[in-house]
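Everything in the sequence shown is counted per our numbering, starting at 2 for the first residue and increasing by one. Think of the CB as a built atom: it goes at the ideal place given N, C-alpha and C, for glycine as much as any other residue. Every value quoted in this text rests on a predicted model; they were computed, and no experiment measured them. Single-structure report; data block below.
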Amino acid sequence: RVVIKRPVRSEYVAERKTDFSITGKTTRYDIFLMHNAVIE
Numbered sequence: 002r003v004v005i006k007r008p009v010r011s012e013y014v015a016e017r018k019t020d021f022s023i024t025g026k027t028t029r030y031d032i033f034l035m036h037n038a039v040i041e
């Protein structure tokens, strides 16, 4: 799981759709689930 803290009105990182987001008044947490992540 990767969580990125961003301002509410900012663009999404790498234009990838988040698995889900938690939004507050000024901050948004974008959560990406790494289903098939490869660890090197």
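Residue environment, residue i, which counts as buried when at least 16 other CB atoms sit within 10 Å
i	result
residue 20	exposed
Nearest-angstrom beta carbon gap, residue j and residue i [assumed within contact, 8 Å]
i	j	result
residue 2	residue 32	7 Å
Residue i - partner residues in DSSP beta bridges
i	result
residue 6	30
Span of the beta strand (DSSP E), counted from its first residue to its last, around residue i
i	result
residue 24	21–24
Residue-chain proximity (residue i, chain D), Cβ-Cβ < 8 Å
i	result
residue 31	Any reference to chain D falls outside this structure, which holds one protein chain only.
Residue closest to residue i, alpha-carbon to alpha-carbon, out of the options
i	options	result
residue 7	18, 28 and 17	28
residue 5	13, 30 and 15	30
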